[in-house]
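Participant: Quick one: the structure is below, and I'll ask about it shortly.
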Amino acid sequence: MSTNQEKKATGEQKKVGIYICHCGGNISDHVDVEKLAENVKDLDGVAVVHTNTFMCSDPGQELIQNDIRDGKVNRVVVASCAPSLHELTFRGAIKRAGMNPYLYEHANIREQVSWVHHGDQATEKATGLVAGAVAKALRLQPLEPIRVEARRHATVIGAGVAGLRAACDLACRGLEVALIEKSPFIGGRTASLGRLVPTGEQAEEVITQIAAKAMANDKVTIYSCTEVVGFEGFVGNFRLTLKRKPPEEPYSAAEPQKIRMDHLEKGEFLPAAGIFPGDVPDKEQEIFLETGAIVMATGFRSYVPGEGEYGYLHSDKVITLAELVELIARYPDRRGRFLQVKGKPVRRMAFIHCVGSRQIPGIHEPDQDGRLNEYCSRTCCAATLQAAVQIRSSFPETQIFDFYRDIRTYGRGQEEVYREASRQRVTFFRFEPEDPPRVQKSSGGKFPLLVSVKDTLTFGEQIDVPVDLVVLATGMEPTPIKELVEMMKLPVGADGFLQEVHPKLRPVEVANTGILLAGTCQAPMDVGEACNAAQAAAAKTTAMLARGYVELDPFVARVDPERCKGTGLCREACPIEGAIELKERQVDGKTVVQAQITPALCTGCGICVAVCPSRALDINGWTLEQYEAMVDAIVAA
Amino acid sequence: MASQKDTTGKGKILIMATENCAYPGANSVGQAHSTYPANTYIIRVRAPVLFPEQFYLDCFKKGISGIIIMSCGEECPYEGAYHALAKRIDRVYQLMKENGLDIRRLRLTSICTVCNRAFLKEVNDMNELISELGPPVLDKAA
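So, in structure tokens, the structure goes:
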């Protein structure tokens, strides 16, 4: 439709370059890449076709940039993985070569072709998709991003170790920070931990130190007892509604008793609860925040074993690792012949690994939502062994038996903990998931519980171990944040954790621009890893907001003045107040009424496009004509 | 362009998938390496409410055998867009009937970012349907 306009805009003949990626075999194992190149080389407007093992690599990007600089192409189509991974990569490469980055179209031939189809069919379908992309590319126009002011303010949701770490880093780089925490305390789950692997530092010391930094920084405002109840806006200009209310039941996780918060001092550490940030609200209040970026640091909760799972809840001698760690932390002198639990000496104890982690369909019971935790929680092996070493050193007469599926001491210094546990004569048994240990109450014997297992470290010997205590190494689950996920439209992975754009290329960002991930809301991590992620998220946030403005995609409605008859149907259909207005305009000495768009308000949904009888409206970068051409190309392919 | 019919004998299915929900949903199916019929062509859209009634009829006229609109449903990030779309699709059904087209050739669904099973079911159902119905024939010049 707007061929003349396009010619004016580019001022030259359109030359499309097609760049097809092998993705190191991910694509080329199923799509005949050379045949695909042959199929599309003679399409209208195609000037060059290249293939490369990894188009996203530097040499791949240079291939495109050289063709642009040599004047061979002025439109680019890359056929590779999903656009969510590399659309921005290639737009960036094109821009650096001096071409408008919006003269680019992406054909997804990995997730939507080579990973789901095989053989000739795959190549045929890829041909159709590339032909569609070329048809669209020929109809693209250069666009300029919309620049909007960004607030130099960041909000961190969750004041555990990751949230505190991120808040400190953000504030140190000059941003104002709102740190939002649901509970009356800061410090999160780290406040319930004992000695940290691999250094053996007390978690209390680490978390108190970071919290003190955050509290001492003028740029950090801590909102405890607060939840986010409203969310709108976009990167640089989010608007949050917070609800701060008196804690319904101030509690201690260690001992379910009420905490008298009026006796606490700012900065005081309370075991298993955290650090008191100074005040609690005495009445409910609503707070509005304007913020540039949001760091999610909502953390994890420990898996709670089902009733009867390894005897849990059927015997008070079966406890979780988290409960054991709290008991040890509050142990009076932390030394003795035997570890004492609930007033009784523990002569022998058993640890059972992988409780609530690495669950297998058909073997494990799904939770009430039908979900299984199929992932490894990563931290429990090292934490279990650390606890075992600590008990063996401090209570040398307590014997320890460790029942595991696999020992995964993956991180720096963790294998040493395993070795130390062996040296301290912890006895290991290995079991298969379909043959897990059984925990039973023993009748009459010297020990209250009996753990039986088929030990695969030997010849499958059936072993019965009488013990005083069974400790379940429970895994991590994401903190339930359904309301936030729905309100902020956050991407959630199949495992229930928040999902990054790409585990390697954009590991702390989610697809929603301006929202970042820190810590165990993303995946099981230990304290060190959570701090790593938090610092990465803080660095990304600072880089994003430091310029004081952000650039948004220009995909908003535009009006073709030559076609607009001023019917006003678009304004009637538009759900956004003020995005479309009818304005008078002088054309050839006559006054006409025409639609006018306010780009900053337009969301680019396209509702106006469909209702215009004279096809005067379009969404930049996503025009109806482009779609029609894509359909033609797909039909013809 | 209406003369450009596919020659494979197998009808083509056009899928309009929203960039916020269904398009990543289709990628999720890819990540799971679940296979489905290859006569499916996914087009990324911001919101399918952009397409006027005539667009759908034109697609059938061009030879597309089935269209699945994979929207975000109630999760649609654009205010009012989903309800406007649902109303529009009712009008498209009306026009399809007037043109002698089986309205099952056009399906409005919502697919989330991890709705792998729902995606596969929709695609397989539509594929079965168009194999049964054959190519679309319009009664009058739409």
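Order-wise, the sequence lines are chains A and B.
Using my numbering, read the first sequence as starting at 4 and increasing by one per residue.
Using my numbering, read the second sequence as starting at 238 and increasing by one per residue.
No residue lacks a Cβ here, since even glycine has one placed at the ideal position from N, Cα and C.
Just so it is clear, the structure is predicted and the values come from calculations on it, not from any experiment.
How about glutamine 268 of chain B: is its C-beta nearer than 8 angstroms to some C-beta of chain A?
Facilitator: yes
Participant: Excluding five sequence neighbours on each side, which residues of the same chain lie with their C-beta closer than 8 angstroms to the C-beta of glutamate 287 of chain A?
Facilitator: Lys246, Arg247, Lys248, Pro249
Participant: For the stretch 604 to 635 of chain A, which residues have a CB atom closer than 8 angstroms to at least one CB atom of chain B, in sequence order?
Facilitator: Of all residues in the stretch 604 to 635 of chain A, Thr606, Gly607, Cys608, Gly609, Ile610, Val612, Ala613, Val614, Ile622, Trp625, Leu627, Tyr630, Glu631, Met633, Val634, Asp635 have a Cβ within less than 8 angstroms of some Cβ in chain B.
Participant: Using a C-beta cutoff of 8 angstroms, does isoleucine 271 of chain B count as contacting chain A?
Facilitator: Reading off the sequence shown, one finds serine at residue 271 of chain B, where the question assumed isoleucine. Chain A contact via Cβ: present.
Participant: Count the C-beta pairs between the stretch 126 to 140 of chain A and the stretch 275 to 292 of chain B that are closer than 8 angstroms, then say yes if the count reaches three, no if not.
Facilitator: yes
Participant: CB-CB under 7 angstroms to alanine 125 of chain A, same chain, minus the five flanking residues each way: which ones, in chain order?
Facilitator: His33, Val34, Val116, Ser117
Participant: Measure the C-alpha to C-alpha separation of glycine 613 of chain A and cysteine 313 of chain B and round it to an integer number of angstroms.
Facilitator: Going by the sequence as given, residue 613 of chain A is alanine instead of glycine. Straight-line Cα distance between these residues: approximately 17 angstroms.
Participant: Leaving aside the five residues before and after glycine 365 of chain A along the sequence, list all residues of the same chain whose C-beta is less than 8 angstroms from its C-beta, in chain order.
Facilitator: none
Participant: From what residue to what residue does the beta strand (DSSP E) around serine 186 of chain A run?
Facilitator: Here serine 186 of chain A belongs to no beta strand (DSSP E), and DSSP marks it neither H nor E.
Participant: Taking any Cβ of chain B, which residues in the stretch 554 to 580 of chain A have a Cβ under 8 angstroms from it, in chain order?
Facilitator: Phe558, Ala576, Pro578, Ile579
Participant: Can you list the residues of chain B that serine 87 of chain A reaches, using a CB-CB cut of under 9 angstroms?
Facilitator: Those are Glu256, Tyr260, Pro261, Asn264, listed as they occur along chain B.
Participant: Provide the residue span of the beta strand (DSSP E) that contains arginine 2 of chain A, from first to last.
Facilitator: Residue 2 of chain A lies beyond the residue range present for chain A, which begins at 4 and ends at 640; the question has no answer from this structure.
Participant: Along chain B, which residues have their Cβ under 8 angstroms away from the Cβ of proline 494 of chain A?
Facilitator: The answer, in chain order, is Pro261, Thr350.
Participant: For glycine 236 of chain A, I'd like the list of residues in its chain whose CB is within less than 7 angstroms of its CB, leaving aside the five on either flank, ordered along the chain.
Facilitator: Arg242
Participant: Buried or exposed for glutamine 212 of chain A, please, with buried defined as at least 16 other CB atoms from any protein chain shown within 10 angstroms of its CB.
Facilitator: exposed
Participant: List the residues that DSSP assigns as beta-bridge partners of asparagine 111 of chain A.
Facilitator: A:Ser83
Participant: So, under 8 angstroms CB-CB, arginine 113 of chain A and cysteine 59 of chain A are touching, yes? Tell me the CB distance rounded to an integer number of Å.
Facilitator: Arginine 113 of chain A to cysteine 59 of chain A, Cβ: 11 angstroms. No contact.
Participant: Decide if threonine 601 of chain A is buried, meaning its Cβ has at least 16 other Cβ atoms within 10 Å, or exposed.
Facilitator: exposed
Participant: Could you give the DSSP three-state label for lysine 485 of chain A: helix, strand or coil?
Facilitator: helix
Participant: What's the C-alpha gap between leucine 585 of chain A and glutamate 532 of chain A?
Facilitator: 55 angstroms
Participant: What in chain A is Cβ-close to glycine 300 of chain B, meaning under 9 angstroms?
Facilitator: Val638
Participant: Helix or strand or just coil, what does DSSP make of serine 360 of chain A?
Facilitator: coil
Participant: Hey, out of A:Thr459, A:Asp467, A:Leu167, whose CA is closest to alanine 219 of chain A's CA?
Facilitator: A:Leu167
Participant: Roughly how many whole angstroms lie between the Cα atoms of alanine 639 of chain A and cysteine 573 of chain A?
Facilitator: 33 angstroms
Participant: DSSP three-state label for leucine 508 of chain A, please.
Facilitator: coil
Participant: Give me the residue from A:Val504, A:Leu460, A:Cys524 with the minimum Cα distance to leucine 487 of chain A.
Facilitator: A:Cys524
Participant: Between the C-alpha atoms of glutamate 293 of chain A and aspartate 221 of chain A, what's the straight-line distance to the nearest angstrom?
Facilitator: 18 angstroms
Participant: How many angstroms separate the CA atom of threonine 224 of chain A from the CA atom of glycine 517 of chain A?
Facilitator: Taking the straight line from one Cα to the other gives about 20 angstroms.
Participant: Examine the Cβ distances between the stretch 354 to 362 of chain B and the stretch 317 to 335 of chain B and report whether three or more of them are shorter than 8 angstroms.
Facilitator: no
Participant: Using the three-state DSSP reduction, which class does isoleucine 250 of chain B fall into: helix, strand or coil?
Facilitator: Note: isoleucine 250 of chain B maps to strand in three-state DSSP.
Participant: What residue from A:Ala526, A:Pro616, A:Leu501 has the CA that sits closest to asparagine 515 of chain A's CA?
Facilitator: A:Leu501
Participant: Could you check which residue in A:Ala169, A:Leu604, A:Ile210, A:Ala50 has the C-alpha nearest to that of phenylalanine 188 of chain A?
Facilitator: Taking only the C-alpha atoms, the option nearest phenylalanine 188 of chain A is A:Ile210.
Participant: Given a threshold of 16 other Cβ atoms within 10 Å of its Cβ, counted over all protein chains shown, does tyrosine 552 of chain A qualify as buried or as exposed?
Facilitator: Exposed, since its Cβ has fewer than 16 Cβ neighbours within 10 Å.
Participant: Should lysine 44 of chain A and valine 36 of chain A be called a contact, given that it needs their Cβ atoms to be closer than 8 angstroms?
Facilitator: no
Participant: Below 8 angstroms between beta carbons: does that hold for isoleucine 278 of chain A and tyrosine 313 of chain A?
Facilitator: No Cβ-Cβ contact shorter than 8 angstroms links isoleucine 278 of chain A with tyrosine 313 of chain A.
Participant: What residues from chain A crowd round arginine 325 of chain B, counting only those whose CB sits closer than 7 angstroms?
Facilitator: One finds Ala613 in chain A with Cβ atoms closer than 7 angstroms to the Cβ of arginine 325 of chain B, taken in chain order.
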